[in-house]
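One structure is given here, and the rest of the page talks about it.
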Amino acid sequence: MSIVSRRLLLTGSLGAVAAGTLSRPYIANAAAGTATVWATQGFVPAEDEAFRKTVADYEKLSGNKIELSSMPFMALNQKSISALTSGDVPDLIFHDAPTTILPQNAWNDKLVDVSDVVETQKSKMTESSLLNSSFYNSVTKQRSYYLCCVKQGATPFHIWGDLVEKAGFKLSDVPKTWDKYWEFFKPVQTELRKLGSQYRKIYGIGLQITTVGPNDSTNLFNHFMIANGGKDIVTSDGKLHTADPAVRAAAEHSVNFMTGLYKDGFVPPEALSWNDADDNNGYHEKLFVMDFDGTLSTELASIKNEQAYWHEMVVMGLPNGNDGKPMPMQTGAGGGFIPKGAKNVAVAKDFMKYFMQPDVLNENLKGGLGRWVPPMVQIVKDDPFWLSSNDPFRKVYVEEGTLGPTIANYYGYNPAYGQVAAEQLWTQACAEVIKNGATVQAAVDKAFKRAEEIFAKVSFS
Amino acid sequence: MSATRAGSRRLHSKLHYRLQRYAVEAACMVLGFVIFVWSLTPIYNMWLIALDSHESIFSGSLYPMAPTLEAFRVVIYQDFWYLARFWHQFGNSFIVGLSVTFLTLLIGSLASFTIGRMRLRQGWLLTNAALMTYVIPASFLAIPMYRIMGIYDLSNHLSSVILALTTFATPYAIFIFSQYGKSIPMELDESARIDGANPMQVYLRIYLPLMAPALVAVGTYALLLAWNEYLYNFLLLSTPQSMTVAVALAQFLNSDESPWNFMMATAIIYSIPPILLYYGFRRYMAAGLTMGGVKG
Amino acid sequence: MSTTQQAVAIGRGLIGRRPVRRGWFGGVHGADYVWAIAFALPYAAIFLAFVVYPICFGIWMGSSLALYQELFSDPRYLMTVANTLIYVGIGVNLKLFVAFLLTGFFIRKSWWTKALLVVFILPWATPALPAYISIHWFLSGTWGLLNSALYDMFNIDGPIYLNDRWMGLSANIGAYIWKTLPFWTVILLAGRMSVPQELYEAAAVDGATGLRRFKHVTLPLMANLYLVCTLLDMVFALGDFNSTFFVSGGGPAMSTEVLATLGIRYAFTLGVPNLGVATVMSALPVLLPLVILLMRKLRMSEGQL
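Protein chains in written order, with the working numbering: chain A, 1 to 461; chain B, 1 to 296; chain C, 1 to 305.
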């Protein structure tokens with residue numbers, strides 16, 4: 001770690017004074033130091049740029065130095081886990097979707113409690129983002145904040161509007177309840193295939209019914225559960241409710257519906273073994289008409305393709321649940337967390353306090369082209385960027401992630417859900433039905449039993 | 001009469017022999033063709049994607065419909081954000097690759113020389129120690145290796161990767177060298193010693209030249225291991241400047257843009273140096289043994 | 001004794017089947033001893049510095065009994081073990097057998113054989129990640145090269161290969177063999193090339209050519225190397241997760257997972273590295289006999305020199 005030169009320190013403090021029109025009390029106390037920060041590489045260059053700018057701004061204002069390494073998502077997982085296991089940790093890890101790392105390591109008391117950082121902005125944040133930032137620590141035997149949330153992700157529908165039109169349908173006609181919404185795309189496929197050999201292999205629905213790939217399938221299934229009244233499968237006290245008949249009914253209905261779509265031929269058969277990149281590839285190549293995938297990265301990746309971005313792609317939010325009532329979106333939170341054993345916790349916390357300020361956070365997310373939404377309602381209301389109709393997708397996405405009803409992810413409630421996701425229990429159940437001809441009840445039974453086994457190993461007392 | 005029968009038999013067997021040779025030759029050509037197709041098919045697929053423009057990657061055509069060298073241009077001119085430091089990382093790959101090769105060959109051959117030729121009585125300790133390295137697959141030793149490099153204060157230095165990879169390649173080198181070493185008669189060494197050579201000279205003048213085929217084979221193995229290795233390069237090095245291209249390739253999986261043509265072009269360009277190196281050293285493989293000075 | 005048998009006996013003697021051998025003049029002493037130790041030092045240093053701690057730490061990571069209980073309670077574990085046995089069994093043995101046969105092909109002196117060897121090396125030289133992804137796409141049911149070719153040339157709609165456990169497993173094994181066959185062929189080829197020419201000449205004098213020559217000269221002399229390569233490759237194959245990870249992804253429905261990919265999944269997707277290490281260490285009951293066999297093979301043949 002490099003030593004901050006005296007000159008830098010001096011100019012830094014002068015800069016702080018000069019820019020200190022907005023008094024930031026915490027800077028006065030931070031000793032000059034260097035923090036090692038690992039961050040996720042963005043999916044588009046703009047995200048990286050925005051992050052580097054935030055870091056540079058902080059360095060100027062505080063006189064502290066940040067040694068930044070950014071790396072791809074999977075790589076950051078591997079590296080963070082290696083660091084946390086071996087004890088050789090950086091000061092701050094900045095992750096877009098730390099559901100693999102946070103629950104387990106918070107449980108094992110390997111992370112630094114950041115409640116003091118979260119407190120500074122707590123009143124402004126949405127309930128889901130706060131819940132997504134809190135985890136149970138089995139050593140201190142209480143829940144606390146371990147993540148400093150600066151962004152949220154939601155899952156919209158991505159649709160090729162031009163294909164829908166070609167098939168002779170109008171997206172404005174799409175039904176407003178969950179199951180019927182998905183079924184709308186069945187005749188789209190049928191009609192498209194009649195149109196010629198180039199649509200020979202087109203499919204209506206890009207359902208990620210796969211057991212490969214990290215989280216898409218679990219996220220998908222969770223929303224099916226929510227739509228069918230099973231959102232309380234795991235409650236905020238960490239308990240699993242597989243015994244609840246409503247939850248069971250929801251699970252059975254979901255598995256039945258999803259496998260039905262597949263068996264009726266409206267989902268690419270390949271989907272059973274899609275890896276993380278395959279469904280994105282498929283969408284870009286218009287191999288299917290729609291899918292349900294996290295964040296706007298799919299659209300932003302095509303931002304240079306004017307035809308696609310402005311005229312063909314459509315993003316839609318959630319319809320109502322099958323009971324006709326609005327269904328909440330399950331959001332994920334991203335931000336910074338501090339491993340125990342970090343050498344410079346003070347600077348790490350200082351940086352996060354800086355980052356979590358609404359205007360800083362907002363600038364960063366805007367720089368990242370709005371792939372992630374702010375965890376604070378006020379920002380969205382105040383800054384016209386978020387709800388402007390200049391961009392075809394942002395408004396819908398923001399309404400889904402920040403303004404609309406949201407619930408937190410299950411990982412924060414109980415780390416055992418992480419294992420459920422890693423074992424791909426739900427799509428395994430679907431695969432049992434599809435490949436092994438199991439009945440829906442038997443498949444759900446098996447999945448529930450395994451989930452119960454997993455949850456039984458984790459006790460909160 | 002017997003003469004003509006013998007004559008015709010000779011003629012018959014000559015013909016038979018010729019036919020046999022043609023048949024073998026034909027069979028070999030078929031085999032050669034199979035090998036050719038087998039080896040190149042996935043690589044052809046890579047070329048197919050590399051030569052496609054960004055839009056037509058998944059069109060499902062059998063040959064590039066509108067081949068373009070755009071992807072290669074992007075790689076060479078570093079025109080894509082994942083490739084911004086391509087040549088620098090390429091240089092890192094060379095440093096790591098050549099160092100690991102050199103160290104593996106040096107340490108491995110010295111060790112197998114002392115175990116197999118000089119017959120050090122405690123040699124078996126080294127052999128067993130080498131085997132211990134393979135008890136747990138390398139991919140699972142990444143975390144403790146990361147820890148120990150931290151302890152030695154080598155984190156984020158290229159030398160940590162070089163040493164880690166040498167550690168994994170050397171035992172293999174020792175085993176293969178000791179197998180080859182058995183075909184070199186001990187008499188050669190002993191006659192050299194009688195002539196007054198010290199062990200180092202025996203090692204340099206007799207052992208190494210005769211081991212040439214093994215050195216090339218194991219050297220290529222070590223080079224390719226270091227050249228294409230991902231996990232340790234990535235875990236032990238934190239900054240993009242210190243990474244090798246093998247690590248940079250993994251970034252492409254992170255993207256939603258599907259920049260597969262760039263990725264394949266990168267991979268193709270990246271596989272050229274080891275092949276050139278192999279081609280350059282190939283003739284040493286056929287060195288074989290000369291039995292000149294020794295009659296067994 | 002026929003000339004061939006005499007030649008083979010000499011050959012075997014060179015390889016060290018005579019029990020009398022003891023190294024230079026019967027063993028090192030004096031100044032030589034210092035040299036011997038000096039030559040051994042570099043590897044010893046590497047071992048002490050970089051092997052002892054990681055291996056011990058690794059073993060410690062995988063040593064809690066609870067881990068194995070958890071492992072065995074995972075419904076996919078047994079299937080994974082079965083897959084691994086098939087993967088290693090076929091992947092290693094088929095490959096080495098083919099490699100051995102190919103040495104006969106590549107040892108020929110024709111120019112195009114030599115040129116072909118460079119092409120043959122390509123799979124080995126290509127980085128694993130893009131190569132395996134290329135194979136994954138090649139096998140894609142909807143737009144992969146294989147099915148496109150089948151459709152364009154024969155009008156057949158090929159199946160979705162990676163949706164079937166056995167096709168997926170075969171694809172993984174095939175990909176692994178594709179990638180690593182050149183490596184072992186080169187090693188065995190170098191071994192074959194170092195069979196002394198005189199032995200072949202002696203055999204030819206005796207009238208043993210072709211198959212008989214192969215059986216009595218080449219085969220016995222390469223047997224040891226072949227065995228060592230097989231055993232080593234089994235160790236390598238056990239730890240290989242790239243091929244399964246990128247070709248079939250362990251799918252469909254995790255039916256093609258091998259211990260290495262399952263371990264990596266536990267270590268990095270689930271975030272419990274101890275369980276990951278335990279997964280591969282659960283292969284020790286099979287791996288350890290292999291390692292011991294290898295040890296004895298190496299030691300035995302050395303002791304005879």
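Cβ atoms here follow ideal geometry from the backbone N, Cα and C, with glycine treated the same way.
Check: Secondary structure of S70(A), DSSP reduced to three states; Outcome: strand
Check: Residues, ordered as in the chain, of the segment 131-164 of chain B that lie near chain A by beta-carbon distance below 8 Å; Outcome: A142, I143, P144, Y146, R147, G150 and S155
Check: Neighbour flag for L270(C) against chain A, beta carbons, 8 Å; Outcome: yes
Check: Contact between the segment 260-274 of chain A and the segment 249-260 of chain C (3+ Cβ pairs under 8 Å); Outcome: yes
Check: Exposed unless 16 or more other CB atoms sit within 10 angstroms - verdict on P503(A); Outcome: Any answer about residue 503(A) is impossible in this case: the structure gives chain A only from 1 up to 461.
Check: Cutoff 8 Å: P54(C) Cβ touching any chain A Cβ; Outcome: no
Check: Selection of the segment 148-181 of chain C by Cβ proximity to chain A, strictly under 7 Å; Outcome: I160, L162 and N163
Check: Below-8 Å beta-carbon distance, S273(A) vs any chain C residue; Outcome: yes
Check: Within chain A, the residues that T142(C) reaches when beta carbons sit closer than 7 Å; Outcome: K201, P268, E270 and L287
Check: Beta-carbon proximity list for G239(C), same chain, < 8 Å, skipping 5 on both sides; Outcome: A260 and V280
Check: Backbone CA spacing between W124(C) and G332(A) [nearest angstrom]; Outcome: 41 Å
Check: Nearest-angstrom beta carbon gap, L129(C) and Y230(B) [assumed within contact, 8 Å]; Outcome: 7 Å
Check: Closer than 8 Å to chain A by CB, A49(C); Outcome: no
Check: Test: F281(B) CB closer than 8 Å to a CB of chain C; Outcome: no
Check: Proximal residues of chain C, C-beta to C-beta of G418(A) below 8 Å; Outcome: L270 and G271
Check: C-beta contact flag for S160(B) and M149(B) at 8 Å; Outcome: yes
Check: Beta carbon proximity, F460(A) to chain C, threshold 8 Å; Outcome: no
Check: Chain A contact residues for L215(B), given Cβ-Cβ distances below 9 Å; Outcome: Going along chain A, no residue has its Cβ under 9 Å from L215(B), so there is no contact; the nearest lies around 34 Å.
Check: Rounded straight-line distance, which links the Cα of P127(C) to that of S258(B); Outcome: 19 Å
Check: The segment 88-114 of chain B: positions lying closer than 8 Å to chain C by Cβ; Outcome: L106, I107, G108, L110, A111, F113 and T114
Check: As assigned by DSSP and simplified to three states, the class of S62(A); Outcome: helix
Check: Closer than 8 Å to chain C by CB, I275(B); Outcome: yes
Check: Classification of T21(A) by the beta-carbon crowding that lies within 10 angstroms, buried from 16 upward; Outcome: Here the model assigns T21(A) a pLDDT of 34, short of 50, so the residue's position is not dependable and the matter cannot be decided.
Check: Span of the beta strand (DSSP E) around Q479(A); Outcome: Chain A is shown from 1 up to 461; residue 479(A) falls before or after that span and cannot be answered.
Check: Residues near Y43(C) in its chain [Cβ-Cβ closer than 7 Å; skip 5 each side]; Outcome: none
Check: CB contact check: G91(C) to chain B, cutoff 8 Å; Outcome: no
Check: Burial state of A38(C) (16 or more Cβ within 10 Å); Outcome: exposed
Check: Interface residues of chain A facing M254(C) [CB-CB closer than 9 Å]; Outcome: T211, V212, E423, Q424, Q428 and A431
Check: Residue closest to A167(A), alpha-carbon to alpha-carbon, out of P187(A), M356(A) and T259(A); Outcome: P187(A)
Check: Start-end ranges of the alpha helix (DSSP H) lying completely within the segment 383-446 of chain A, minimum 4 residues; Outcome: 384-387, 394-398, 410-413, 416-422 and 425-436
Check: Residue of A203(C), L270(C), G104(C) and A49(C) minimising C-alpha distance to F168(B); Outcome: A49(C)
Check: Per-residue contacts from M281(C) into chain B (C-beta, under 9 Å); Outcome: V135, I136 and F140
Check: Burial state of V205(C) (16 or more Cβ within 10 Å); Outcome: exposed
Check: Coarse secondary structure for T36(A), derived from DSSP in three states; Outcome: strand
Check: Distance, Y161(C) Cα to F36(B) Cα; Outcome: 23 Å
Check: H95(A) - containing beta strand (DSSP E), residue span; Outcome: L92 to H95
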